[in-house]
Amino acid sequence: MNIKPIKSKHDHRAALARIEELWDAEPNTSEGDELEVWVTLVTAYEEKEFPIEAPDPIEAIRFRMEQLGLIDKDLVPFLGTRSRVSEILNRKRSLSLNMIRNLHAGLRIPLNCLIQDYPLAE
1 MNIKPIKSKH DHRAALARIE ELWDAEPNTS EGDELEVWVT LVTAYEEKEF
51 PIEAPDPIEA IRFRMEQLGL IDKDLVPFLG TRSRVSEILN RKRSLSLNMI
101 RNLHAGLRIP LNCLIQDYPL AE
């Protein structure tokens, strides 16, 4: 087992190739342990080199609505009136702290998505 840190695209490709070779390794074997180490190294490299930014709050809300099959009026319990829902989704009003708490608790939208600044429509 010749494991080393992943520092370049070449190292990354080589690590992915080795993972593919080891993919069917049994857990708790030397090959299984090697696979686990390579996956950990590749994950760390990819998180550093290819970070995925959280969506802005409105994108996160719309995505969650799509996942759950919700329509605008289904957000009234979390945001207030239907007109308030419309203002939020059309970026004419910012989310309040209370709305953020409601969306997080009720729809399980991560707080790190909901608390970000986002542009309002002019």
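In this note's numbering, the protein residues as written are 1 to 122.
Each residue gets a CB set at the ideal place from its N, CA and C atoms; glycine is no exception.
Here the structure is a predicted model, which is why all the values come from computation and not from measurement.
Q) CB-CB under 7 Å to Phe63, same chain, minus the five flanking residues each way: which ones, in chain order? A) Pro55
Q.
Would Ile58 and Arg82 be called neighbours here (beta carbons separated by less than 8 Å)?
A. no
**Q.** Proximity winner among Ser96, Tyr45, Glu36, relative to Gly26 (alpha-carbon distances)
**A.** Note that residue 26 is Glu in the sequence shown here, rather than Gly. Ranking Ser96, Tyr45, Glu36 by Cα distance to Glu26 puts Glu36 first.
**Q.** Own chain partners of Ile19 with C-beta closer than 7 Å, once the 5 adjacent residues on each side are dropped
**A.** Leu35, Trp38, Val39, Val42
Q.
Our contact map puts Asp72 next to Ser86 with C-beta atoms below 8 Å; I'd like the distance itself, whole angstroms only.
A. With a Cβ gap of about 7 Å, Asp72 and Ser86 count as contacting.
Q. What span of residues does the alpha helix (DSSP H) with Trp38 cover, start to end?
A. Counting along the chain, the alpha helix (DSSP H) containing Trp38 begins and ends at 30-49.
Q: Would you mind reading off the limits of the alpha helix (DSSP H) that contains Ile100?
A: Ile100 -> alpha helix (DSSP H) spans 97-107.
Q.
Which of the three DSSP states is assigned to Arg13 in this structure?
A. helix
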